[in-house]
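A short worksheet on the structure shown next.
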Amino acid sequence: MSEKEIKKISGLEDLVKISEKLKSLMEGKTVISICSGTGCKAYSSDDVHGKIVEELQKKIKESKTNADNIVIKKTGCHGYCERGPIMVIHPGQTCYLGVKPEDAPDIVESAINEKVVEKLLYKDENGSSIEKENDIPFYKHQQRIIFDCNAKIDPYSIDDYIMIGGYQALAKALKEMPPDKVLSEVKKSNLRGRGGGGFATGLKWETTKNAAGDTKYVIVNADEGDPGAYMDRSILEGNPHSVLEGLIIAAYTIGANHGYIYVRQEYPFAVKSIENAIENAREYGLLGKNIMNSGFDFDVKVHRGAGAFVSGESSALMAAVEGNVGEPRLKYIHTAVSGLWSKPTNLNNVETYANIPHIINNGAEWFRSTGTPGSSGTKIFSLVGKVNNTGLVEVPMGVTLRDIIYKIGGGIKGGKKFKAVQTGGPSGGVIPEALLDLPVDFDELYKAGSMMGSGGMIVMDESDCMVNVAHYFIKFLADESCGKCVPCREGLRQLLYIYERIINGQGQVEDLKLLEDLCILLENASLCALGGTAQNIVVTTLKYFRQEYGAHIYYKACPAMVCKPLIRYEISSDKCSGCTRCVKVCPVDAISGKPKEAHAIDQSLCIKCGACMEECPEKYSAIAKSTGIFEYEKEKEAVFADKGQ
Amino acid sequence: MVNMEKTNIKNLLGQLKNIGFRLTGTRKTILDIIISAKEGLSAEEIFISARKKNPEIGVATIYRNIKILEELMIIKRAGETENKNRYYLSENIGNLKINYFKKSVIGQKQQKKAGAYALVTSSPASRRQDTESFSFYNSGKIDRMQSQLNEWMSELDKIRREKEFKLEEIINDVSKIDAVLQKHQYSSENLIQMLLDFQGQYNWLPKHVLLYVSTKLKVPLTQVYGIASFYKFFNLEPRGRYQVIVCAGTACHVRGSVSLLQRITNVLNINPGDTTPDYKFTLDTVNCLGCCALGPVMMFNNKYFSNPSRKELEKLFDSVV
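If you're matching them up, the sequences are chains P and L in order. For the working numbering, add 13 to where a residue sits in the first sequence, where the first one is 1. For the working numbering, add 11 to where a residue sits in the second sequence, where the first one is 1.
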């Protein structure tokens, strides 16, 4: 607020009063909100913002009518990263996609005159344009509860959050509900941890609450290490107060007076945004001593993680907060009982905390009304990979994968054929086309051999090699294994050796059995989930795509033409015009040939970098990739008929 | 079986020596055994015979040298009896020279491409690999000496850079270090946060900083080093002025980040994780940059680039020179 007549907020009435006042101030104003999430920033949305501000000031100087009625807001991620930078004009909800700095004059002009810039609107397949954000197919099939506020508020302004009803859940909990009641509400809501495991949040809180000891801690786990998942970052960057509010409510319920937010150093904007949110909340008396005159003290500290995937595991994270090497420990005593500095500690994911204010505000019944009986509420997924509409999507639990990929994601890029979707990051597995109608919730995904994880959803098409994907994840995990327990350290290394052998064309028939054996060992003997869930990717690829392993091992062929040692680049002498372009780009000088003569690749020198194929002009396209023995295609059904698929 | 006159073989071995292949005692023994044998021998049989000639010879040495000789195509493996490989003298031993030369040519070419610092700038793992392959495929002693020399020179370079922190600078630094420690209340639980700040200030963690932190906080130096080496964000070696970050997240991986990384490696002549000899560029991979829509994506100078081509990369890197 510009004039700070209320320094400290003392209850629900204050919050409602401020909210009403701010709303009345915004009455009749046109808000241009520009997404400045990481995706849109990469598309230089900051330049667009700067240009729009400049343009608006010009108009104000010209004293155009209505010009001072326009407010420009930099908001958090809107989710539709594929078509960034995104711009939404409220109250009409006009949505512009792919905005460029040079569009700024048109946008400002039309906002003043309450018109629409036609060329920036979404076009459907018939060519007709869609104006409203919620009518765009990408948004239409979503149900945005947590993510909804992202597009409405400036993450650096606590007033914005209060205006849309923020911190009212906290006031309600502190003033009207004793901790037991909050706990029973959370338990009733059947909220499950959004970080990966899907452990019941209420149960977790209860264990910590009932654990012996006066000092207790609450921690936000924002060490989002899964490659291809960035929803936690988007919540922290776009709506940090919702996480903070959920955290304070959790602390109040459990009886903790200290909290930590563990954020990755790789997310500098998230660190900045949450630190700013904490400072603002302190100013308003929402953090610190005697919050809202309730007698409850709570403060929170941000701890930056220094880049270790395993530190996302609860006991490892706590070790890192203590200032030690972030290695997990045996959890025969759960961290809920003996965690940070051996005190009872509750640790939840960012998204879990962001759900809490909604549950308190609307009640457990309301929350349970979305989703499936086993998993209620919504979940944010990051839909990435070979899909037309890359972005963050929030859907109720129980929606099928097909709906997510085809209705929201708009199908596969380049009209290629869908092959598999990988869920749950490195701990998850792949799901083939046959299971596309699987409803997405914690239990169904687990049954299919994968897991929800933090919500990464990587779509793969026919040009992806499943053996290569499994190799990628095993390599990732082998790199990130902390080395404390032998099964994980050595098991992953052996898995990696076997995979390297297979993709180098030296796979042996026994390797498949060996992989399966190692998976059983890893699952049962690893200290933490990093090793314990590593088998998912191996087992699911073996189960659903065994024939691809067969092609690599028996035929030394990579059907998707990805594994470098098994492919070769060749120049067709009929098509080659001898332009010498490829000769120049080859980094190992493997291509020989004079101008105007067909070139040839020396296979013994070729490192298969593909530079020549990229360089070859499209009109010639003389360079082609090929792999192993193609008899594989003919024989695969006969050979693999009895092996799985 | 190949029956060649001993003198011929000796001539050949003499030639080999000229090419740069080291004819050690063991190799000579093995070759002698194989030449004089009437039929193919298994590795174990070679070992037993070799033991008679030189009792100090180990079985591992035999296996290793057989592998080398096989790679050089002097001997060949043919047929299995009772699950044992049998070795013969190669029939087309005349081709040896050509094959060998071919390999050495590759060695030279790669080295030429990669510049004089090629060996040193690579990571320890690949460096090991390089030296292994170089010792067999390189065209001779001179090349090997040259590369060794380069390695030493570069090590010296590094030491020199570290030494560039002069005593006065370190003394001046102390107040800066203290300021950071003060910010974190000299508390050892904030050690990681302090190191993060130092990493931000220096772009790496110089030795004197770690030493000072250790004494000031009364934390054992091993613990400080333990943390500095465990977390990926910390570097114990100076970094380049510009960081080239390639996203190796899954989404980027399936969209072709491997080729992008290969392209950058070709342009900068360094492997991921390494710094160019002029300390200008450091090439790094990260698990996810969080802009999967752009994938495969590269970050340079705080800007994102979606799948830049070789030409674009060259232009980009030249633009900051």
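Idealized CB from N, CA, C, for every residue including glycine.
Along the stretch 229 to 256 of chain P, going in chain order, the ones with a CB nearer than 9 Å to a CB of chain L are GLU237, GLY238, ASP239, PRO240, GLY241, ALA242, TYR243, ARG246, SER247. In the DSSP annotation of this structure, the continuous segment of the alpha helix (DSSP H) that includes GLU378/P starts and ends at 377 to 381. Within the same chain, ARG277, GLN278, GLU279 come within 8 Å of GLY320/P by CB-CB distance, once the 5 residues on both sides are set aside.
The Cβ atoms of PRO370/P and ALA186/P lie no closer than 7 Å to each other. Beyond the five residues adjoining it in sequence on each side, LEU327/L comes within less than 8 Å, by CB distance, of PHE311, PHE316, PRO319 in the same chain, given in chain order. Between PHE328/L and chain P, the shortest Cβ-Cβ separation is not below 7 Å. Using a Cβ-Cβ cut-off of 8 Å, GLU95/P is close to ALA304 of chain L, given in chain order.
Contact check for PRO307/L and GLY267/L: beta-carbon distance about 5 Å, within the 8 Å limit, so the pair qualifies. For the C-beta of THR226/L, not a single chain P residue is nearer than 7 Å; the gap to the nearest is close to 17 Å.
Taken through DSSP and simplified to helix, strand or coil, GLN157/L comes out as helix. Residue-level contact by beta carbon fails for ARG506/P and chain L, as no gap is shorter than 7 Å. Annotated three-state conformation of LYS169/L is helix, per DSSP. Put simply, the backbone Cα of ALA242/P is about 35 Å away from that of TYR568/P. For the set VAL551/P, ASN79/P, LEU405/P, the Cα lying nearest the Cα of LYS42/P is the one of ASN79/P.
Under the three-state reduction of DSSP output, ARG581/P falls in the strand class. Taking 8 Å as the upper bound on Cβ-Cβ separation, chain L lies near residues ASP477, VAL482, TYR485, PHE486, PHE489 of the stretch 477 to 492 of chain P.
The stretch 120 to 131 of chain P and the stretch 382 to 389 of chain P do not touch, with fewer than 3 CB-CB distances between them shorter than 8 Å.
In terms of CA proximity to ASN270/P, VAL231/P leads the group VAL130/P, GLU292/P, VAL231/P, ASN293/P. Assignment of ARG559/P by DSSP, reduced to helix, strand and coil, places it in the helix class. For chain L, the residues of the stretch 377 to 399 of chain P that bring a beta carbon within less than 8 Å of one of its beta carbons are SER395, VAL397, GLY398, LYS399, in chain order. Inter-segment contact for the stretch 435 to 446 of chain P and the stretch 460 to 467 of chain P is present: three or more beta-carbon pairs are separated by less than 8 Å. Taking a beta-carbon distance threshold of 7 Å, ALA262/L counts as an interface residue toward chain P.
Looking at the DSSP output, CYS108/P sits in a beta bridge with VAL101/P. For ASP184/L, the three-state secondary structure derived from DSSP is helix.
In this structure, DSSP gives THR296/L an extended state, which the three-state scheme calls strand. DSSP places VAL278/L in the helix class (H, G or I) of the three-state scheme. As the crow flies, the alpha-carbon of HIS565/P is around 26 Å from that of GLY437/P.
With a cutoff of 7 Å on beta-carbon distance, GLU200/L and GLU189/P are scored as not near each other.
For the beta strand (DSSP E) assignment, the uninterrupted runs of no fewer than 3 residues enclosed by the stretch 300 to 337 of chain P are, from N- to C-terminal side, 312 to 318.
Between VAL269/L and THR296/L, the C-beta gap is not smaller than 7 Å, which leaves the two residues out of contact. Cβ neighbours of GLU627/P within its own chain (closer than 7 Å, five residues either side excluded): none. Between the stretch 512 to 522 of chain P and the stretch 393 to 411 of chain P, the count of Cβ pairs shorter than 8 Å is below three; the stretches do not touch. Where ALA283/P is concerned, the enclosing alpha helix (DSSP H) starts and stops at 281 to 296. Close to CYS622/P, with beta-carbon spacing below 8 Å, are these residues of chain L in chain order: SER270, GLN273, ARG274, ASN277.
Exclusion of the five residues before and after VAL350/P leaves THR220, ALA224, PRO357 as the residues of its chain whose Cβ lies within less than 7 Å of its Cβ.
Comparing alpha-carbon positions, the option among PHE209/L, ILE203/L, TRP215/L, THR37/L lying closest to SER186/L turns out to be PHE209/L.
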